[in-house]
Structure formats: structure tokens, C-alpha cells
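Below is one structure; the comments refer to it alone.
Protein chains: 2
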Amino acid sequence: VDSTVQPPAIDFWLEFGSTYSYPAAMRIAPLAAAAGVTLRWRPFVLGAIFKAQGWPPDSPFNWQPAKGRYMWRDLERLCAALDLPFRRPAPFPQPSILAARVALVGLAEGWGEDFARAVYRAEFGEGRPIGETAVIADLLARLGVAAAPALSRAQSDEIKTRLRRETDEAQRLGIFGAPSFVTADGELFWGNDRLEAALAWASKAAS
Amino acid sequence: VDSTVQPPAIDFWLEFGSTYSYPAAMRIAPLAAAAGVTLRWRPFVLGAIFKAQGWPPDSPFNWQPAKGRYMWRDLERLCAALDLPFRRPAPFPQPSILAARVALVGLAEGWGEDFARAVYRAEFGEGRPIGETAVIADLLARLGVAAAPALSRAQSDEIKTRLRRETDEAQRLGIFGAPSFVTADGELFWGNDRLEAALAWASKAAS
Chain A
18 VDSTVQPPAI
28 DFWLEFGSTY
38 SYPAAMRIAP
48 LAAAAGVTLR
58 WRPFVLGAIF
68 KAQGWPPDSP
78 FNWQPAKGRY
88 MWRDLERLCA
98 ALDLPFRRPA
108 PFPQPSILAA
118 RVALVGLAEG
128 WGEDFARAVY
138 RAEFGEGRPI
148 GETAVIADLL
158 ARLGVAAAPA
168 LSRAQSDEIK
178 TRLRRETDEA
188 QRLGIFGAPS
198 FVTADGELFW
208 GNDRLEAALA
218 WASKAAS
Chain B
18 VDSTVQPPAI
28 DFWLEFGSTY
38 SYPAAMRIAP
48 LAAAAGVTLR
58 WRPFVLGAIF
68 KAQGWPPDSP
78 FNWQPAKGRY
88 MWRDLERLCA
98 ALDLPFRRPA
108 PFPQPSILAA
118 RVALVGLAEG
128 WGEDFARAVY
138 RAEFGEGRPI
148 GETAVIADLL
158 ARLGVAAAPA
168 LSRAQSDEIK
178 TRLRRETDEA
188 QRLGIFGAPS
198 FVTADGELFW
208 GNDRLEAALA
218 WASKAAS
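Quick note, the sequences are listed as chains A and B, same order. For the first sequence, the residue numbers in our numbering are 18 to 224. For the second sequence, the residue numbers in our numbering are 18 to 224.
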């Protein structure tokens with residue numbers, strides 16, 4: 018056995034305000050399992066990266082109206098094709114930092130992936146305001162997770178610092194949008210529509 | 018026979034400076050034929066649309082450097098997967114108005130699609146400066162088209178006006194990038210990676 022051989026792996030960089038992260042989050046686990054690719058879910062905050070690029074403090078889908086109109090229709094079509102519920106949240110984008118912090122807690126405690134999917138379903142499937150603590154607490158309760166300690170830990174300095182560091186790491190990797198996928202050999206793939214290509218690359222690189 | 022039944026059809030909106038229009042232009046004809054979808058190639062000029070949005074007078078891939086770095090690597094991977102030659106032209110973007118005007122002439126005269134593919138192959142497969150009249154003349158000669166009359170007609174007021182009108186029409190349709198595909202029932206799809214979805218939509222809508 019060659020101990021240097023690594024199994025195929027992908028880092029899945031997700032932002033809870035990101036529309037196309039919704040179908041990616043709902044699709045990735047079974048596709049990765051079928052491809053034999055190990056996943057690491059890595060929530061981060063895109064706003065900080067947009068800001069560092071000198072962009073307006075808003076979603077590009079808002080300050081680029083033609084692209085924004087297209088995106089909502091495209092997402093609606095995508096969700097219909099995937100049989101995913103779709104409801105546009107208002108306002109858009111929803112504040113995503115609380116969800117990202119709670120997800121970091123959950124990923125350390127074993128319920129992070131289910132929580133991430135629950136957030137996306139609530140936000141883009143039901144149009145719920147995922148920036149509100151009560152909504153996050155409700156999602157946690159439905160997952161059988163005690164909300165108070167999870168929320169408390171999510172607001173700890175440890176988790177706040179970790180989310181900032183993850184965002185810094187995303188920026189260092191050249192990430193500029195979400196969802197993004199980074200293979201073990203450093204290839205970056207951007208967008209829900211690159212998920213299959215990223216998994217294929219990871220499988221090929223490891224074989 | 019119901020004379021109101023239309024065969025499936027797509028308008029293929031292409032911009033000769035656009036990187037992702039290259040793989041789309043090379044892929045679309047056989048895919049459309051296989052899907053039974055009639056194509057109309059519609060060259061337009063994206064710069065005017067960017068300008069109308071208040072964007073800088075340059076490709077977004079230049080003024081968004083992280084996205085630009087990613088795009089070049091993504092295009093290189095795509096071309097490798099499609100067995101298309103790839104060479105990054107310098108400068109980028111190349112001036113595209115001459116090629117668009119000549120393509121309009123060619124589309125009226127029956128050699129426009131071959132010319133469009135030849136331009137993309139020269140530009141992104143060989144890195145040739147497609148803004149230069151001599152390069153366009155060479156591409157025309159290789160297609161067996163007399164260059165002088167084609168270039169003369171391309172610079173006529175009729176063709177200049179037609180290109181401006183096509184660009185106005187693209188903007189009216191909500192087009193903000195290239196390649197874009199618009200089905201007969203008005204659905205807009207943006208990007209080489211939406212070509213298959215656009216063809217499927219056109220087939221479904223017409224059935």
C-alpha cells in the first residue's frame with residue numbers, strides 16, 4: 018500500500034446568501050458519493066471578497082440588473098428541472114453570516130451538512146429570512162440539535178475567527194463567487210454548472 | 018397540416034471578442050442538428066451593452082481580475098476536453114466589430130457560419146489579431162470568398178446600421194453577455210454551458 022495515495026477529494030466552498038449554491042448543496046452529496054469523491058463543506062462569506070475587489074456592498078445580481086433578472090429565471094428553471102422547491106427570498110441577498118457560523122459549529126459536531134441543506138431549502142425553497150436567529154433556531158430544532166448551545170457557540174470568538182480565516186483562505190485560493198469547488202491538486206471550478214466537471218477532475222487526478 | 022406549428026428554433030447571439038462564444042460556436046451546429054433545432058446566428062457587439070450598463074470600457078474579465086484568471090484556466094480546460102486548440106490572444110479582448118460586420122455579410126450570402134467558426138479558431142485557437150483587416154481577408158480567402166467585395170460591403174452604411182440594430186435588439190431581449198441563446202418562445206439562456214439546456218427547451222416548447 019502506497020501511503021501517499023490520497024482518495025479523491027473536493028472542498029465545497031458555499032455561501033449561504035448565494036442563489037446557485039442552493040442547487041449545488043442539494044446535488045453534491047449523492048454525486049460525490051457516486052464518483053467516490055470525499056467532500057469537505059467550507060462555508061465562507063462572499064461579501065468580504067466582493068468588498069476587497071472594490072465592488073459595491075451588494076450582490077452583483079442587484080447592481081447588474083439584466084444579469085439579475087436572468088439569474089432568477091435561470092434558477093427557477095434549474096429548480097424545476099431538479100424538482101427543488103423555489104421561492105425568491107426578499108430582501109435578496111439574505112444576511113448569511115449567522116448561518117455560516119452555525120454551519121461551522123455543525124460541521125465540527127456532525128450535523129453541519131444537514132443544517133446547510135436545511136438553510137438553503139428554507140431560504141430559496143420557502144423564502145424564509147435565514148438571517149433571523151429564530152429561523153435558524155427553528156431549523157436546528159427540526160434537525161434535533163439543541164439550538165441555544167449551538168447559537169451560543171456560533172457567536173463565540175473562536176467561530177467568528179474561524180469564519181474570517183476560511184474567507185481569507187477562499188480569497189487566497191482565487192475564489193470570487195459561490196459555489197466553488199477546489200480539488201486536492203488545486204483546480205478551481207466555479208458555479209453549480211461546474212460541479213460535475215470538478216468531480217470528474219478530482220476522480221481523474223487521484224486515479 | 019397546421020400551418021401555425023413552427024419547427025424548434027434558436028437564435029444564437031454571438032460576440033467575436035467573447036471567449037466562451039468560441040466553444041459554443043464550435044459545438045452548436047451538430048448539437049442543434051441532432052436536436053432538430055433550426056439555428057439563426059446573430060452577431061452583436063457586447064461593448065455597447067456593457068457601456069449602457071455603466072460598466073468600464075473593457076472586458077469584465079479584465080476589471081474583475083480573479084474572475085479573469087479563472088476564466089482563462091476554465092476555457093483552457095474546456096478546450097482540452099473538447100479537443101479544440103487554445104491560444105490566448107493578446108491583447109484581450111480583440112476588436113470584434115469588423116468580424117461582426119463581415120459575418121453579417123456572410124450570413125446573408127451563405128458563408129457566414131463557416132466564417133464565424135474560422136474567426137473563433139483564428140482568435141482563440143491560434144491567437145491571431147482578428148481586428149486586423151488583413152487577418153479577416155486571409156480567413157475569407159481560405160473560405161473561397163472574395164475578400165475585397167465582402168470587406169467593402171461590411172463597411173457599408175447598410176451593414177453598420179444592421180449591426181447596431183442587432184445590438185439594440187439583443188439589449189431589448191435582456192442579453193447582457195455572450196454567448197446567449199433565445200428560444201422562439203422567448204426564453205433566454207446565457208453561456209456555453211447553457212447550450213444544451215437551450216436546445217432542450219426549444220425542442221420541448223415546439224413539441
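Glycine included, each C-beta is placed from N, C-alpha and C at the ideal position.
Taking C-beta atoms under 8 Å as the contact rule, Phe61(A) and Trp30(A) qualify, at a distance of about 6 Å. Sixteen is the threshold: since fewer than 16 other Cβ atoms of the shown chains lie within 10 Å of the Cβ of Asp75(A), the residue is exposed. For Asp75(B), there is no enclosing beta strand (DSSP E), since its DSSP letter is neither H nor E. Gly191(B) reaches chain A at Ala83, Arg86 and Tyr87, counting residues in chain order whose Cβ is nearer than 8 Å. Per the coordinates, the alpha-carbon of Leu115(B) lies some 29 Å from the alpha-carbon of Val54(B). Straight across, the Cα-Cα distance linking Ala158(A) with Gly191(A) is about 36 Å.
Residues Ala139, Arg145 and Pro146 of the same chain have their beta carbon placed closer than 8 Å to that of Val152(A), with the five preceding and five following residues left out of the count. For Ser38(A), the uninterrupted alpha helix (DSSP H) run begins and ends at Ser38 to Ala52, by DSSP.
Taking a cut-off of 8 Å for Cβ pairs, the stretch 65-72 of chain B and the stretch 39-54 of chain B do not touch, as fewer than three such pairs fall below it. Looking at the DSSP output, Val199(A) shares a beta bridge with Asp28(A) and Leu205(A). Each residue's CA atom was taken as its position, placing Ser38(A) and Glu186(A) some 18 Å apart. Apart from sequence neighbours up to five positions away, the residues of its chain that approach Leu212(A) with a beta-carbon distance below 8 Å are Ala41, Arg44, Ile45, Leu48, Pro196, Phe198 and Phe206, ordered along the chain.
The DSSP assignment places 114-126, 129-137, 150-159 and 164-171 as complete runs of the alpha helix (DSSP H) inside the stretch 112-186 of chain B, in order along the chain (cut-off: 4 residues). The Cβ atoms of Pro25(B) and Ala222(B) lie closer than 9 Å to each other. Here the C-alpha atom of Gly194(B) lies approximately 16 Å from the C-alpha atom of Trp89(A). Within the same chain, and ignoring the five residues on either side of Glu143(A) in sequence, the residues whose Cβ sits closer than 8 Å to its Cβ are Pro102 and Arg104. Burial check for Pro82(B): the Cβ neighbour count within 10 Å stays below 16, so the residue is exposed. Judged by DSSP secondary structure, Leu216(B) falls within the alpha helix (DSSP H) whose first and last residues are Leu212 to Ala223. In the same chain as Ala154(B), and ignoring 5 residues on each side of it, the C-beta atoms closer than 6 Å to its own belong to Ala164, in chain order.
Between Val119(B) and Leu180(B), the beta carbon gap of about 10 Å keeps them out of contact (Cβ cut-off 8 Å). For Trp58(B), no chain A residue has a Cβ inside 9 Å of its Cβ, as the nearest lies near 21 Å away. Per DSSP, reduced to three states, the secondary structure at Arg57(B) is strand. Following the DSSP letters along the chain, one finds Ile66(A) inside the alpha helix (DSSP H) bounded by residues Leu63 to Ala69. For Gln111(B), the CB contacts under 8 Å within the same chain, skipping 5 residues up- and downstream, are Phe33, Gly34, Glu140, Pro146, Ile147 and Gly148 in chain order. Think of a sphere of 7 Å around the beta carbon of Asp210(B): the chain A residues whose beta carbon falls inside it are Asp210, in chain order.
DSSP places Pro82(B) in the uninterrupted alpha helix (DSSP H) bounded by Pro82 to Leu99.
Ranked by Cα distance from Arg57(B), the first of Tyr87(B), Gly127(B), Asp210(B) and Arg189(B) is Gly127(B). Under the three-state reduction of DSSP, Arg104(B) is assigned to coil, being neither helix nor strand.
Neighbourhood of Leu205(A) in chain B, by CB distance below 8 Å: Tyr87 and Arg90, in chain order.
Around Val122(B), the same chain offers Ala167, Arg170, Ala171 and Ile176 as residues with beta carbons nearer than 7 Å, after the five sequence neighbours per side are excluded. Arg94(B) belongs to the set of residues whose beta carbon lies under 9 Å from a beta carbon in chain A.
Listed along chain B, no residue sits closer than 7 Å to Gln111(A) by beta-carbon distance, the nearest being about 23 Å off. The alpha-carbon of Ala97(A) is positioned some 13 Å away from that of Ala214(B). Ala41(B) is outside the set of residues whose beta carbon lies under 9 Å from a beta carbon in chain A.
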